[in-house]
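A quick write-up on the structure given underneath.
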Amino acid sequence: RFIWAGPISDGLRVVKLVKGGHYGYADSEGNIVIAPSFTSASDFSEGLANVKKDGTGYFIDREGKTVIAEGRDFRLGFREGMTLLRHKPFLGGEKIGYADREGKIAVKPVYDFGWDFSEGLAAVRKGEFSSGRWGFIDKQGNAVTDFTFRDADSFSEGLAAVKTADGRYGYIDRTGKMVIEPRFDSA
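Numbered according to the working numbering, the sequence shown spans residues 1400 to 1586.
Here it is, written out as structure tokens:
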């Protein structure tokens, strides 16, 4: 019946049917709850799931109703009420920003890469992978730190690992203050 079934998330799991190869959602007993009609589907996160049908991405609720139908290219699910938004300008590379639970752009897509929000902040990169610099923004898109880090992780328990210009990792607090000096080769 299913050729693939994902883990349970928010009470439902993504399933892919043998016949037709479309994705839908089943409960913990394996009963189809949302009909398999999607070409791709993500796990539920904060009550919403990102699905794609006929080349258009949108979010549905746990009843399968379309909640955000903007047709934007969203990435995965929600974290702290925000989701990554991918934008492909006519000329130039892909940019990312963030949208809120209503699908409104909360942070314009001007960054080259970013992580989910954690503890109210997101690590985002300006520039290419090897030469770009990381910093942290709030949910309005305001820079909370300078963009000086070679790498950055999400916040956890008030701290985030960052890689400094000398290639060492240290930890900053939510204000950007280095609280554990850079002395680690990895983090």
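C-beta atoms are modelled at their ideal positions from N, C-alpha and C, and glycine is treated no differently.
In its own chain, which residues sit with a C-beta less than 7 Å from the C-beta of residue i, not counting the 5 before and 5 after it?
i, result
"Ser1436", "His1421, Gly1423 and Lys1452"
"Asp1499", "Gly1480, Met1481 and Ala1505"
"Ser1466", "The displayed chain sequence assigns Val, not Ser, to residue 1466. Within the same chain, Val1466 has close Cβ partners Leu1447, Phe1458, Ile1459 and Asp1460."
"Lys1503", "none"
Grab me the residues of residue i's own chain with a C-beta within less than 6 Å of its C-beta, minus the 5 sequence neighbours each way, in chain order.
i, result
"Ser1444", "Gly1476 and Phe1477"
"Ile1402", "Lys1415 and Val1417"
"Ala1468", "Tyr1457"
"Lys1360", "Nothing about residue 1360 can be reported from this structure: the residues present for the chain run from 1400 to 1586 only."
"Ser1408", "Asp1442 and Phe1443"
Leaving aside the five residues before and after residue i along the sequence, list all residues of the same chain whose C-beta is less than 8 Å from its C-beta, in chain order.
i, result
"Pro1406", "Arg1412 and Asp1442"
"Ala1564", "Thr1547 and Arg1549"
"Arg1395", "The structure shown has nothing for residue 1395, since the chain only spans 1400 to 1586."
"Tyr1570", "Leu1558, Ala1559, Ala1560, Val1561, Met1577, Val1578, Ile1579 and Ala1586"
Is it buried or exposed for residue i, if we count other Cβ within 10 angstroms and need 16 for buried?
i, result
"Ala1521", "buried"
"Gly1566", "exposed"
"Gly1429", "exposed"
"Lys1507", "exposed"
"Gly1410", "exposed"
Using only the alpha-carbon positions, how far apart do residue i and residue j sit?
i, j, result
"Asp1550", "Asp1426", "39 Å"
"Ala1586", "Ala1434", "42 Å"
"Gly1419", "Lys1494", "33 Å"
"Arg1461", "Glu1580", "45 Å"
"Gly1575", "Val1432", "45 Å"
"Leu1484", "Gly1496", "5 Å"
"Phe1583", "Val1561", "10 Å"
"Thr1547", "Ala1559", "14 Å"
"Ser1529", "Tyr1568", "16 Å"
"Lys1464", "Asn1449", "12 Å"
"Glu1501", "Arg1400", "35 Å"
"Ile1536", "Ala1404", "35 Å"
Can you check which of these residues, the options, is closest to residue i by C-alpha distance?
i, options, result
"Val1543", "Gly1566, Asp1572 and Gly1454", "Asp1572"
"Asp1545", "Thr1455, Glu1428, Met1577 and Ile1504", "Met1577"
"Gln1539", "Phe1548, Asn1449 and Gly1519", "Gly1519"
"Gly1454", "Lys1464, Thr1465, Leu1447 and Ser1439", "Ser1439"
"Gly1557", "Gly1531, Ser1517 and Phe1528", "Ser1517"
"Asn1541", "Ser1408, Val1509, Thr1563 and Arg1400", "Val1509"
List the whole-angstrom C-beta distance separating residue i from residue j, where the pair is believed to meet the contact cut-off of C-beta under 8 Å.
i, j, result
"Gly1526", "Asp1511", "6 Å"
"Ser1553", "Trp1514", "5 Å"
Counting only beta-carbon atoms, is residue i nearer than 8 Å to chain C?
i, result
"Gly1423", "Note that chain C does not occur in the displayed structure, where there is just one protein chain."
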